[in-house]
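Undergrad: First to last, the protein sequences are chains A and B.
Per our numbering, the first sequence starts with residue 1, numbered consecutively.
Per our numbering, the second sequence starts with residue 1001, numbered consecutively.
C-beta atoms are modelled at their ideal positions from N, C-alpha and C, and glycine is treated no differently.
Please read all numbers here as calculations on a predicted model, not as lab measurements.
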Amino acid sequence: MTGIIWVAGGLAALSALGVVFSPQPLYSALSLVLSIGALAVIFLVLNAQFLFVVQLIVYAGAVMVLFVFIIALLSPDREERFRVDARFAIGVTFAVGVTVAMLLAARNGITFNGNGFRAQQIGQASDPYHGFAFDQSDNGLVNTAGNVQSVGGQLFTTFLLPFEITSMLLLVSAIGAVYLTRRRRDPNAPVRRERALAREPQLEEDRIEVEVR
Amino acid sequence: MIASFSDIFSVGRLGTDGIVVILVKSVVIVLALATAAAYLTLAERKIAARVQLRIGPNRVGPMGLLQPAADAVKLLFKENAAPGGRDKLLYLAGPAIAGGAAIFAFAAIPVSGLTCVGGQTSGSGCAGGYALHWDLIHVNVSLLFVLAVTSVGVYSLFLGGYAANSKYSLLGGLRSSAQLISYEMAVAFALIGAVILAGSLDLEKIVLMQHDVWFVVLQPMAFLLYFTAALAETNRLPFDLPEAETELVAGYHTEYSSMRFGFYFLGEYINMVTVCSIATLVFLGGWLPLLPFIHSDWLGGLVGVGWFLAKVGALLFVMMWLRWTLPRFRYDRLMSFGWKVLLPLGLVNIVITGAIVGLRAS
């Protein structure tokens, strides 16, 4: 089990680097798909089967398809090779710092909840939101209730308001996108049938050519 | 430390199966699917011939039964013609994903009920014998597992279309991505009605819930919606816009030849088997027989496989029959049919089913 986590984790990290460093945007997007897939495998090995499936359906199967779709349609040019300058150094320092800090925090059992950061003993971390003890020695515990039931129950009770607000947000953005891409029609412009009549060939050669086609 | 091979790969029930069982099941799945895909091509040509009052392939072997073998040999030994300006990596990734995702999705499909070899069935377990499960990977959301893995297959169509550097391929790829994403919604919404009745996303449990009455009786509309959307998901006529040969030469796989094309072909036919299997499991009672029959002993398990295959075969025949009966949709009609007809009907079905189940429970 640990073996597969290492392989999938390594793949996720490598493909995440690929997202940042690949010269072509399409390869960046595909690396992200690979990264999402590797994370999904980690979920599966940890027995979070529902999360595995949702990760694949929502992110890999829907969201990223649209990303890849748009990138391939616009087919942007290759990016310039990244330069090692002051900005790059600052960014790398920040990223490495945050990663190390998170690793240390996870190692020391520090969790974040509504009351801010808090140090906890490993193995005794209790879930601050729904109050059932999380026994880390048996990650099948969530599964005894059923992954789907746990997630669904929380979604429709504890987190109902945030859930509904999120869906509202999505609806608003969808309506906004439709409005922005709406084609504004000039009321004086001829309708399609009239345009076709307006392009009636004037010369005899034109007429023949049209008919031959 | 890593204890053993089965420990490394302990995902769900896989952990309890030994390495030998895992390997045997994997090999059986791959070989069975490849053979099924090969003979489905023959079946398709035979059925097409009968519909058009022809005889069909009958030269290779008795009644043309060796035709798939001849086709496979032809594909293997053909020259690998590939377009010049292609994206080399993605051009290879397309067929690989097509075949791989299609085969992987089938790993979670139970073809028969739990069989106790040399023991007594006790509840959902098996006392004193070997519990033979007729699927490779068991997850408690196996229905969603199959949908998730097949949804990754979209990349094969799109990448194949994009990487080949050809306008017909690209158009086919774009169409297929839009069509598959749209109809995935309709597929999911159609299945939810049956899932509400079964109260589980586990295909095995869904089948066992149909012990008294199949869900096709309780959910006739969901079954029709699912089957229609599944035709679009597998790019079958009347929804075969991604490879409409009269407009796009051959769509996303125009620029593929030999075995690379073969993998697309394989993936397509295996996907047909997969969607028909899902329809069988969710709506037609899976391996449950038409007549009451004890299905938990050794022979019963095999009989279950027979029933399952018979139902899947019947659905596959309907798919091929439809192909040679219905004309192709226009692209805008296809989109509005998916979004404005299938999806709302699916929603109505969910609301009605949910209301009835809720009222009966209270």
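#1: Which same chain residues, not among the five before or five after GLY1354(B), have their C-beta less than 7 angstroms away from its C-beta?
#2: Alpha carbon to alpha carbon, how far is GLU1079(B) from SER1258(B)? Give it in angstroms, no decimals.
#3: Under 8 angstroms between C-beta atoms, does LEU1203(B) make it to chain A?
#4: Determine whether the beta carbon atoms of GLY1304(B) and SER1112(B) lie at a separation below 8 angstroms.
#5: Under the three-state reduction of DSSP, which class applies to TYR1168(B): helix, strand or coil?
#6: MET1320(B) to VAL54(A), Cα distance in whole Å?
#7: Is there a Cβ from chain B that is less than 8 angstroms from the Cβ of LEU56(A)?
#8: Am I right that LEU1225(B) and LEU1281(B) are in contact with their C-beta atoms under 8 angstroms? What's the rounded C-beta distance?
#9: With distances taken between CB atoms, is the gap from THR1150(B) to ALA1101(B) smaller than 8 angstroms?
#10: What does the Cβ neighbour count give for ASN188(A), buried or exposed, with the cut at 16 atoms within 10 Å?
#11: Taking Cβ positions only, does GLY61(A) come closer than 8 angstroms to chain B?
#12: Which of the three DSSP states, helix, strand or coil, is assigned to LEU1147(B)?
#13: Our contact map puts LEU44(A) next to PHE50(A) with C-beta atoms below 8 angstroms; I'd like the distance itself, whole angstroms only.
#14: Just to confirm, is the Cβ distance from GLY1251(B) to TYR1168(B) under 8 angstroms?
#15: If I follow the unbroken alpha helix (DSSP H) through LEU73(A), where does it start and stop?
#16: Who are the neighbours of TYR1162(B) on chain A, taking C-beta pairs under 7 angstroms?
#17: Quick one: which chain A residues come within Cβ less than 7 angstroms of ASN1165(B)?
#18: Rounded to whole angstroms, what's the CA-CA distance from ALA991(B) to SER15(A)? Just pull it up for me.
#19: May I ask you to list the residues that DSSP assigns as paired with THR1115(B)?
#20: With distances taken Cα to Cα, identify the nearest neighbour of ILE36(A) among TRP6(A), GLY61(A) and THR93(A).
#21: Using a C-beta to C-beta distance shorter than 7 angstroms, which residues of chain A count as neighbours of ALA1148(B)?
#22: Does DSSP classify HIS1138(B) as helix, strand or coil?
#23: Using the C-alpha atoms, what's the distance from ASN147(A) back to GLY131(A)?
#24: According to the Cβ coordinates, are ALA1163(B) and LEU1342(B) closer than 8 angstroms?
#25: Check this for me: beta carbons of ALA1153(B) and ASN1271(B), under 8 angstroms apart or not?
#26: Are the Cβ atoms of ILE1109(B) and ASP1135(B) separated by less than 8 angstroms?
#27: Between GLY153(A), ALA72(A), LEU39(A) and SER22(A), which lies nearest to TYR59(A) when the distance is taken from Cα to Cα?
#28: If you measure from the beta carbon of VAL98(A) to each beta carbon in chain B, is any gap under 8 angstroms?
#29: According to DSSP, simplified to helix, strand and coil, what is TYR1226(B)?
#30: Starting from ILE1181(B), find everything on chain A with Cβ-Cβ shorter than 7 angstroms and list it in chain order.
TA: Let me lay it out:
#1: ILE1196
#2: 6 angstroms
#3: Chain A places no beta carbon closer than 8 angstroms to that of LEU1203(B), leaving this residue out of the contacts.
#4: Yes, the Cβ-Cβ distance between GLY1304(B) and SER1112(B) is below 8 angstroms.
#5: helix
#6: 32 angstroms
#7: yes
#8: Going by Cβ atoms, the distance from LEU1225(B) to LEU1281(B) rounds to 16 angstroms, so no, they are not a contact pair.
#9: Yes; because the gap between Cβ atoms is below 8 angstroms, this pair is in contact.
#10: exposed
#11: yes
#12: helix
#13: The C-beta separation of LEU44(A) from PHE50(A) comes to about 10 angstroms, leaving the pair out of contact by the 8 angstroms criterion.
#14: Between GLY1251(B) and TYR1168(B), the C-beta spacing is below 8 angstroms.
#15: 64-74
#16: ALA72
#17: Near ASN1165(B) there are no residues of chain A at all, since even the closest Cβ is about 11 angstroms away, more than 7 angstroms.
#18: Outside the modelled stretch of chain B, which goes from 1001 to 1362, sits residue 991(B), for which no answer is possible.
#19: LEU1132(B)
#20: Taking only the C-alpha atoms, the option nearest ILE36(A) is GLY61(A).
#21: VAL53, LEU56, ILE57 and GLY61
#22: coil
#23: Unreliable placement is indicated for GLY131(A), whose pLDDT of 35 sits below 50; no coordinate value is reported for it.
#24: no
#25: Before going further, note that residue 1153(B) is Gly rather than Ala in the sequence given. Yes, the Cβ-Cβ distance between GLY1153(B) and ASN1271(B) is below 8 angstroms.
#26: yes
#27: LEU39(A)
#28: no
#29: helix
#30: ALA62 and VAL65
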